[in-house]
Amino acid sequence: MFPFVFIFFILVDQVSKYIFEHFFATSKIHILGDFLVLSFVKNTGIAFSFPIEGIVLKVLTIALIIGIVLYYFRYETYKNLLLTKWAYILILSGAVSNGLERVFVGSVTDFIGVKYFAIFNFADIFISIGAFLLFVIYFKYERANRD
Numbered sequence: 012m013f014p015f016v017f018i019f020f021i022l023v024d025q026v027s028k029y030i031f032e033h034f035f036a037t038s039k040i041h042i043l044g045d046f047l048v049l050s051f052v053k054n055t056g057i058a059f060s061f062p063i064e065g066i067v068l069k070v071l072t073i074a075l076i077i078g079i080v081l082y083y084f085r086y087e088t089y090k091n092l093l094l095t096k097w098a099y100i101l102i103l104s105g106a107v108s109n110g111l112e113r114v115f116v117g118s119v120t121d122f123i124g125v126k127y128f129a130i131f132n133f134a135d136i137f138i139s140i141g142a143f144l145l146f147v148i149y150f151k152y153e154r155a156n157r158d
């Protein structure tokens, strides 16, 4: 089941990016006034449009991937938890989707803008939710081991 979910999340991200690039590239869609706005942006920086490019970006990407892998092997205890599997699927599908676009296009399409925050895409959302889930699982596991 998880390979299909992995592919589904990548497709959701890629199709949404395609739609915004090809049909709404010059439009702004206000969802909640100026607080939530959908608009097309090509991001050459990192997640949430932070402006880091070139070799620094590549080093950070590699460090993030190594960190995820090390975390996975360090906390293998969690691997039987369904929630952990969902967290890794979310993180990996988001990372792969943005990574493929960055490698083949040279930038990542962002289109979800939140006032006073950043412009991002579904892959960024998947990564953030997955990381949050791992954070919660980690602290729940640590608390259970201390008690």
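The sequence shown maps to residues 12 to 158 in the numbering used here. Where a beta carbon is used, it is the ideal one built from N, C-alpha and C, also for glycine. These numbers were taken from a predicted model, which means no experiment stands behind them.
Residue i - DSSP class collapsed to helix/strand/coil
| i | result |
| --- | --- |
| methionine 12 | coil |
| aspartate 45 | coil |
| threonine 37 | coil |
| serine 104 | helix |
| threonine 120 | strand |
| threonine 88 | Residue placement at threonine 88 is poorly supported in this model, since its pLDDT is 49, which falls under 50; the coordinates are not used for a value here. |
| serine 139 | helix |
Short Cβ contact (9 Å threshold) for residue i with residue j
| i | j | result |
| --- | --- | --- |
| isoleucine 138 | asparagine 109 | yes |
| isoleucine 100 | valine 52 | no |
| leucine 47 | glycine 124 | yes |
| valine 16 | phenylalanine 133 | no |
| threonine 120 | phenylalanine 31 | yes |
| lysine 96 | phenylalanine 13 | yes |
| glutamate 153 | glutamine 25 | no |
Integer-rounded CB distance, given that residue j should sit under 8 Å from residue i
| i | j | result |
| --- | --- | --- |
| alanine 98 | leucine 145 | 5 Å |
| serine 104 | isoleucine 21 | 5 Å |
| phenylalanine 122 | serine 38 | Not a contact, Cβ separation roughly 10 Å. |
Enclosing beta strand (DSSP E) for residue i [first to last residue]
| i | result |
| --- | --- |
| phenylalanine 128 | Here phenylalanine 128 belongs to no beta strand (DSSP E), and DSSP marks it neither H nor E. |
9 Å Cβ cutoff, residue i in contact with chain C
| i | result |
| --- | --- |
| phenylalanine 146 | Chain labels in this structure do not include chain C; a single protein chain is all it has. |
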